[in-house]
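Each residue of the sequence shown is one higher than the last, beginning at 1 in the UniProt record's numbering. Ideal Cβ placement from N, Cα and C applies to all residues, glycine included. Here the structure is a predicted model, which means the values were calculated and not measured. Shown next, in structure tokens, is the structure this report addresses.
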Amino acid sequence: MGATVALQKAFVPKFGLDLAGGTTVTLTPVMANGKTPSQESLDRAVTIIRQRVNGTGISDAQVAKSNDNIVIQIPGAGRDEALRLVSTTAELRMRQVLAVAAATNQPAQVPTAAPTPSGSAAATTPAATSKASTPARESGAPNGNASPAGRALSKALTAPSPEPSTSTRATTHRRAGAGTARANHRAKASPSAAPSPTPTAAPQDTGDPLAGQDTSGIDPALLAEFRTIDCTAKNRGQGAVDDPNKQIVACSDDGSARYILDKAAVQGTEISGAQSGTDPTTGEWIVQVDFKSKGATQFADITRRITSLPAPRNQLANVLDGVVIVAPTIEEAIPGGSARISGSFTQTTATELADQLKYGALPLKFQQSSVVSVSSTLGQDQLNGGLIAGALGLIVVMIYLLLYYRGLGLIGIASLCVATVFTYLTVDVLSHNAGFRLSLPHIIGLVVSIGITADSFIVYFERIRDEIKEGHRTLRSAVEVAWRRARRTILVADAVMFIAAVVLFFLAVGDVAGFAFAMGLTTLIDIVVVFLFTKPLMSLMARLRFFSKGHKLSGLDAERMGRTSPAEQTLQEA
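Structure below.
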């Protein structure tokens, strides 16, 4: 462990919220009818949010109810990503796309002499690419965006199938990156692409983001909102309350597009599971989504209904808390209760999307009612107090060992020092490699463990004295016989302590669980130190005349042992 610490150059463990400062987020449920949420719904929400927080790898984060609110404490600085994941309360809905455009209005463009629309015109008028299709659908059709802009990644929604010829490829865009040659509503047309079969340059002159798109069946109020909304990264936000029975205007999660979406076709509660993995044939990262019985029927119905519609109405948006996270094009009905999202995923983005889908069935809608940062100065004061308490505890135990055991006390002090260093290295390695964060309850548990460690070698020392007092043992033989008898007592005592720590850890939460973890960890370290250091060192010291002849300062002298003359003679035979 020392080598690991040295190689990583990580000599100080990471601290928890109460020692290093951090962020406390309070989530308040938003009820459409203004009623008070049920405790059952709150408990379920706490469980799901805790799973999502733990999934980010954050140690020592706390998720708990406070009246009708949920309070989340996240330690450390630089936790913007974790806060985003926590705040995304994962109310998932699948909605048909009715209209789509760039994130914000673009200046009106004058069409060029080229038969293809300009890049900015295509971005403001998604209809410019609505007639283009993927090779899996119309491989011989002209493609007006054969060279899409590199600011968006393509995604695909397919029905799981081992045969490539029967799989359904579909594309959408989610995050900035390199594009592909497949058609997409966010892709710009390339000046070198083949002429588009559908002339769309004329509507560009209006500067209307809905020019050239079918707006039938859309609420006029939504059309007005769509024309004015700004979905750039600075202005968009998650957590908008949306009615599943109404059409909505939503932004993409990367801030590159805005949508008008139909009523919810499938609710997130109908998703039974989601897993990320790699495609065995292509090696690319995918997300497998499975539906419950009702959800499978709903998903098959919506994919069957929109597959033959013109773009963008053949897209099915996955909306998480009012934000579109992915909107694949549906090219054929997908029955069977399973679907696969593929495209330019990385392991991180695929896992994140799977977690959002899997943990997305929250029974309540939440908004951030407060975000409070804990002062690192206050945390430093508590850390100093904990370190002082630990140092005082060590000093008091060492003084006791020297006064009562004298020379033997030096062996006990050496054992305490080794246990302290071993514990520090263990905490440091866990901190930098396993997401562990040292908090005040952990420090309390470590301070209490000083007594556990001292108790082990005190049991051993007293057993050695008992063997010597019997008057028929040399010190070297007394050390070995005493060890065989003492180690059983040590193991039983440590086992009881460890079982108590495990039970407390799994039954308790928050600070109490942190205390139990520290106590269990130091109990294991105590066994290692006593078996691999204290006992071998005692066997070595028994060979020295200072101890074997019963020096007055050894702690094994005749006066202290209360030996009779035969016992003294036995000791001198060593």
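Quiz item: Are the CB atoms of M31 and V429 nearer to each other than 7 Å?
Solution: Going by C-beta atoms, M31 is not nearer than 7 Å to V429.
Exercise. Please name the residue in A3, V397, Q39, R227 whose C-alpha comes closest to that of L364.
Key: Q39
Quiz item: Residue range of the beta strand (DSSP E) that D290 falls in?
Solution: 285-291
Quiz item: By a C-beta neighbour count over all protein chains shown, 10 Å radius and 16 as the cutoff for buried, is G16 buried or exposed?
Solution: buried
Quiz item: If we ignore side chains and look at the alpha-carbon of each, how far apart do I334 and F345 end up?
Solution: 21 Å
Quiz item: Among Q275, R437, P312, D254, which residue has its Cα nearest to the Cα of L261?
Solution: P312
Quiz item: If you scan the region 322-378 from start to end, which runs of the alpha helix (DSSP H) of 4 or more residues do you find wholly inside it?
Solution: 347-358
Quiz item: Residue range of the alpha helix (DSSP H) that M519 falls in?
Solution: 511-529
Quiz prompt | Member of E331, A250, K9 whose CA lies at the smallest distance from the CA of A103 | solution = A250
Quiz item: What do you get for G268, buried or exposed, if any count of 16 or more other CB atoms within 10 angstroms of its CB means buried?
Solution: buried
Quiz item: According to DSSP, is S276 helix, strand or coil?
Solution: Strand.
Practice problem: Using DSSP bridges, identify the partner residues of residue 579. | Solution: Residue 579 lies beyond the stretch modelled for the chain, which goes from 1 to 574, so this question has no answer here.
Quiz item: Where DSSP assigns a beta bridge to P29, which residues make up the other side?
Solution: F366
Self-check item: Simplified DSSP state of C231, which is helix, strand or coil
Solution: coil
Quiz item: For L42, which option in V53, V63, T24 has the closest C-alpha, if you only look at C-alpha atoms?
Solution: V63
Quiz prompt | Residue from R488, M519, L491 with nearest C-alpha to V503 | solution = M519
Quiz item: Taking DSSP as the reference, what is the three-state secondary structure of S256?
Solution: coil
Quiz item: Of all the options L507, M541, L446, V512, which has the alpha carbon lying nearest to the alpha carbon of T523?
Solution: L446
Quiz item: Three-state secondary structure (DSSP) at V492?
Solution: helix
Self-check item: Enclosing beta strand (DSSP E) for S66 [first to last residue]
Solution: 62-66
Practice problem: Spatial neighbours of Q380 within its chain, please: CB distance less than 7 Å, with the 5 preceding and 5 following residues excluded, ordered by chain position. | Solution: none
Practice problem: Let me know if F436 comes out buried or exposed under the rule of 16 or more other beta-carbons within 10 Å of its beta-carbon. | Solution: buried
Self-check item: For A102: DSSP bridge partner residues
Solution: A257
Self-check item: CA-to-CA distance, Q275 to P142, given in whole angstroms
Solution: Legend: pLDDT at P142 = 31, less than 50; position of this residue unreliable, value from coordinates given subsequently. Going by the C-alpha atoms only, they are around 36 Å apart.
Self-check item: Span separating the alpha-carbon of L392 from that of M541
Solution: 28 Å
Self-check item: DSSP bridge partner residues for C251 (one or two, in chain order)
Solution: R258, V323
Quiz item: If you measure from the CB of D18, is any heavy atom of the ligand ATP nearer than 6 Å?
Solution: No copy of the ligand ATP appears in this structure; indeed no ligand is present at all.
Quiz item: So I70 is in the alpha helix (DSSP H); what residue range does that whole segment cover?
Solution: Per DSSP, I70 belongs to no alpha helix (DSSP H); it is in the beta strand (DSSP E), 69-75.
Exercise. Tell me, to the nearest whole angstrom, how far the beta carbon of L19 is from that of L440; I am working on the premise that it is less than 8 Å.
Key: 6 Å
Quiz item: For T24, which beta-bridge partners are listed by DSSP?
Solution: Q73, V372
Quiz item: Got a sec, what are the start and stop residues for the alpha helix (DSSP H) M1 sits in?
Solution: No alpha helix (DSSP H) contains M1, which DSSP labels as neither H nor E.
Quiz item: What did DSSP end up calling L210 once you bin it into helix, strand or coil?
Solution: coil
Quiz prompt | F15, DSSP secondary structure in three states | solution = strand
Practice problem: State whether the region 489-507 contacts the region 397-409, with contact taken as three or more CB pairs (one from each stretch) at a distance under 8 Å. | Solution: no
Quiz item: Quick one: any contact between the region 480-491 and the region 412-432, if contact means 3 or more CB pairs under 8 Å?
Solution: no
Quiz item: Taking just the CA atoms, how far does L425 sit from K9?
Solution: Near 12 Å, if we compare the C-alpha coordinates of L425 and K9.
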